[in-house]
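Remarks on the structure that follows.
Number of protein chains: 2
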Amino acid sequence: MERYNVVEIKEDVTSRNNLFAAEIKRKLADKKVFYLNVMASPGSGKTTLLAELIRRLKGDYKIGVIEADIDSSVDAETISKTGVRTLQMHTAGACHITCQMSYEALCALGYEDLDVVFLENVGNLVCPAEFDTGASENLVLLSTPEGDDKPKKYPLMFQVANVVAVTKTDVADVFDFSAERAEKNVRSRNGTAPVFFLSVVAQEGVDDLERYLRQKINMVKNG
Amino acid sequence: MERYNVVEIKEDVTSRNNLFAAEIKRKLADKKVFYLNVMASPGSGKTTLLAELIRRLKGDYKIGVIEADIDSSVDAETISKTGVRTLQMHTAGACHITCQMSYEALCALGYEDLDVVFLENVGNLVCPAEFDTGASENLVLLSTPEGDDKPKKYPLMFQVANVVAVTKTDVADVFDFSAERAEKNVRSRNGTAPVFFLSVVAQEGVDDLERYLRQKINMVKNG
C-alpha cells in the first residue's frame with residue numbers, strides 16, 4: 000500500500016473541453032440532431048454556402064443556425080432572411096468557440112426540436128480547430144483566393160476536418176489555384192475527409208456536398 | 000507604517016508583453032531599425048506584397064524578413080528568392096507572436112545592421128492583434144475576396160492598425176467589394192490609419208504605400 004496519494008493536476012483546458020463535448024454529442028444524439036461546425040478563414044464564403052445549403056434543405060428538415068462572431072450581426076442578418084431559426088453569438092473578443100459556449104448557444108437557440116444545427120464558427124484557420132464544439136462533424140472551407148498551400152500552413156484545422164469544401168472555384172484560375180495541389184495538401188494532413196469543389200455563385204459542385212450532408216443528417220435522424 | 004506587504008499579482012500576460020514590447024522598441028530605435036508587423040487573414044496577399052515592397056526598397060535599404068507560420072516554409076522560400084536575409088519561424092501551433100518570440104526571431108535574424116525588418120505574422124485576423132510585437136508600426140491587410148465588412152467583425156485588428164492596405168483590388172468587382180464601404184468600416188474602428196488600395200498583380204496603388212513606408216523608414220533612420 001502506498002503511503003501517499005498522487006493527484007494528477009496536469010489536466011488542461013482542452014481535456015475538460017473534450018469531456019463536455021462528449022456530453023453534448025450524447026444530448027444531440029438523444030434528440031436526433033445533426034450538428035455541423037463550419038470553420039474557415041474570414042471571407043472564405045461560410046455564410047454564402049450556409050444560406051445556399053439552407054435553401055436546398057429547409058423543405059425537408061427543421062434547421063437552426065448559430066452565428067459566432069467577435070462583433071457585429073452581419074451574418075445573422077443574412078441567414079435570418081432564409082427564414083430559419085437564427086442566433087447571433089458574440090464571443091467577447093474570443094477567437095474560438097469552447098464547448099461551454101457551444102452548449103449555451105444550442106440552448107439559447109433551442110435545439111431539441113431541430114433536425115439540423117449549423118454553427119458558423121469565428122473566421123479563423125487556427126484556434127477554432129483546438130476546441131471540440133460537440134458537433135457531429137467539422138466542415139472546413141478553403142476558398143480559392145486564399146491559395147492551395149493553406150493545409151501546409153494550418154495543419155490542425157485540416158486534421159480535425161471530417162469534410163473539406165473548396166469554395167469559389169469559379170475564380171480558381173485568376174488565383175492560380177490548382178485543385179490537384181489543394182487535394183494533395185489536404186491529403187498530407189488528413190487521409191479520409193472527402194474534398195468537394197464548389198462555387199455557389201456559379202452553382203457548381205454544391206449538389207455533391209448537399210448529397211453528402213443529406214446522408215449524414217438522415218443517419219442521425221434514423222439512427 | 001503598514002503591518003503587512005501587499006503584492007499585486009493581478010498582472011496579466013498582455014501587460015508583461017507590453018513592458019517587453021517597449022524594451023524592444025528602444026533597442027530598435029537605438030539601432031535605427033524600422034520594424035513592420037504585417038497582419039492579415041490567411042491568403043490575403045502578405046507574402047506577395049512583401050516580395051514586391053522588397054523588390055522596390057532593397058536598392059536603398061538593408062532589409063531582413065521574419066516569416067511566422069505554424070508549419071511549413073513556403074513563405075520563407077518565396078521571400079528568400081528576393082535575396083534579402085530571411086528567417087522562417089515556426090510557432091509550434093501558436094496563433095500569434097508574443098514579444099518574446101518576436102525578440103528571439105530578431106536576434107536569430109540579426110537585426111542590428113539592418114534598416115528595415117518585416118515581420119509576416121501568422122495568418123489570423125484575431126489573435127495577433129492582441130500582442131504588441133515591439134514593431135514600429137502595424138500594417139493590416141484586407142483582401143477584396145474577403146469582403147468589405149471584415150472591420151465590423153474583427154474590431155481589434157483594425158483598431159491596432161497604423162496603416163491598412165486593401166489588396167487584390169484588380170478583382171474587387173468580382174467579389175462586390177466596395178472601396179467606400181471598406182473605408183467607412185475601417186473608419187468605424189480607427190480614425191487615423193491611412194488606407195491604401197492596391198493590386199500587386201496589376202501594379203496599381205503600390206507606389207503610394209511604398210512612398211508612405213519610405214517616409215517612415217527615413218524618419219527612423221535619420222531620427
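So the sequences go chain by chain: S and L. What the first sequence shows, in numbering that gives the first Met the number 0, is residues 0 to 222, in sequence order. What the second sequence shows, in numbering that gives the first Met the number 0, is residues 0 to 222, in sequence order. Don't be surprised by glycine CBs; every beta carbon is placed ideally from N, CA and C. Since the model is a prediction, treat every value here as computed from it, not as a measurement.
*Apart from the five residues on each side of it in sequence, which residues of its chain come closer than 6 angstroms, Cβ to Cβ, to V159 (chain S)?*
A128 and N137
*Alpha carbon to alpha carbon, what distance is there between N17 (chain S) and M218 (chain S)?*
23 angstroms
_Per-residue contacts from S142 (chain L) into chain S (C-beta, under 8 angstroms)_ = Chain S residues near S142 (chain L): G42 and P144.
*Could you give the C-beta distance for L155 (chain L) and G92 (chain S), rounded to a whole number, given that I count them as a contact under 8 angstroms?*
7 angstroms
_the region 54–72 of chain L / the region 113–126 of chain L touching (three or more Cβ pairs under 8 angstroms)_ = Yes: at least three Cβ pairs fall under 8 angstroms.
*asked:* Measuring straight from C-alpha to C-alpha, what distance separates K215 (chain L) and L27 (chain S)?
replied: 56 angstroms
_Members of the region 51–64 of chain S near chain L, C-beta cut-off 7 angstroms_ = none
_Inter-residue CB distance, S40 (chain S) and G133 (chain S) (contact presumed, cutoff 8 angstroms)_ = The Cβ separation is near 23 angstroms, so there is no contact.
*Residues that M38 (chain S) bridges to, as DSSP identifies them*: Note: M38 (chain S) sits in a beta bridge opposite S:V139.
*Per DSSP, what kind of secondary structure is E203 (chain L) in: helix, strand or coil?*
It is a strand residue.
_Beta-carbon within less than 8 angstroms of R54 (chain S)'s beta-carbon, same chain only, minus the 5 sequence neighbours each way: which residues are those?_
So the qualifying residues of the chain are T81.
*Give the DSSP bridge partners of H89 (chain L), in chain order.*
L:D68
_Cutoff 8 angstroms: D68 (chain S) Cβ touching any chain L Cβ_ = yes
*When the Cα of K24 (chain L) is compared with those of L:D147, L:T143, L:P150 and L:Y102, which residue comes out closest?*
L:Y102
*Does the Cβ of D147 (chain L) have 16 or more other Cβ atoms within 10 Å, making it buried, or fewer, making it exposed?*
Buried.
*Check whether the Cβ atoms of E119 (chain L) and V37 (chain L) sit closer than 8 angstroms, and answer yes or no.*
yes
_Helix, strand or coil, according to DSSP, for V73 (chain L) in the structure here?_
helix
*Sequence-distant residues of its chain with Cβ nearer than 8 angstroms to S187 (chain L) (five each side left out)*: P150 and K151
*Which residues in chain S sit within 8 angstroms of K151 (chain L), going by Cβ to Cβ distance?*
D70, S71 and V73
*So what's T132 (chain L) in DSSP terms, helix, strand or just coil?*
coil
*Can the beta-carbon of V163 (chain L) be found closer than 8 angstroms to that of F157 (chain L)?*
yes
*So what's T47 (chain L) in DSSP terms, helix, strand or just coil?*
helix
_Per the DSSP calculation, T239 (chain L) is bridged to which residue(s)?_
Any property of residue 239 (chain L) remains undetermined from this structure, which presents chain L solely from 0 to 222.
*If you measure from the beta carbon of P193 (chain L) to each beta carbon in chain S, is any gap under 8 angstroms?*
no
*So with Cβ pairs under 8 angstroms, would you call D172 (chain L) a contact of chain S?*
Closer than 8 angstroms: no.
_Whole-number beta carbon distance between G190 (chain L) and P168 (chain L), since they are thought to touch under 8 angstroms_ = According to the sequence shown, residue 168 (chain L) is Thr rather than Pro. Rounded to whole angstroms, the Cβ separation of T168 (chain L) and G190 (chain L) is 23 angstroms, and the two are not in contact under 8 angstroms.
_So the candidates are S:D175, S:L108 and S:T90; which of them puts its Cα closest to the Cα of R84 (chain S)?_
Comparing Cα-Cα distances from R84 (chain S) to each of S:D175, S:L108 and S:T90, the minimum goes to S:L108.
*Shorter than 8 angstroms from the beta carbon of N123 (chain S) to some beta carbon of chain A?*
Among the protein chains in the structure shown, which are S and L, there is no chain A.
*Quick one: give me the first and last residue of the beta strand (DSSP E) that V116 (chain L) is part of.*
V115 to E119
_So, at 6 angstroms on beta carbons, what are the nonlocal neighbours of E182 (chain S) in its own chain, with the 5 sequence-adjacent residues on each side left out?_
V194
*Starting from G92 (chain S), find everything on chain L with Cβ-Cβ shorter than 9 angstroms and list it in chain order.*
V125, E129, P154 and L155
*asked:* Strictly below 7 angstroms CB to CB, what residues from chain S border D148 (chain L)?
replied: V73, listed in chain order.
*asked:* Under DSSP, the alpha helix (DSSP H) around V32 (chain S) begins and ends at which residues?
replied: Per DSSP, V32 (chain S) belongs to no alpha helix (DSSP H) and is neither H nor E.
*Quick one: is C106 (chain L) buried, meaning 16 or more other Cβ sit within 10 Å of its Cβ, or exposed?*
exposed
*Between D74 (chain L) and A201 (chain S), what straight-line distance do the alpha-carbon atoms span, to the nearest angstrom?*
31 angstroms
*Does the beta-carbon of A104 (chain S) have 16 or more other beta-carbons within 10 angstroms, so that it is buried, or is it exposed?*
buried
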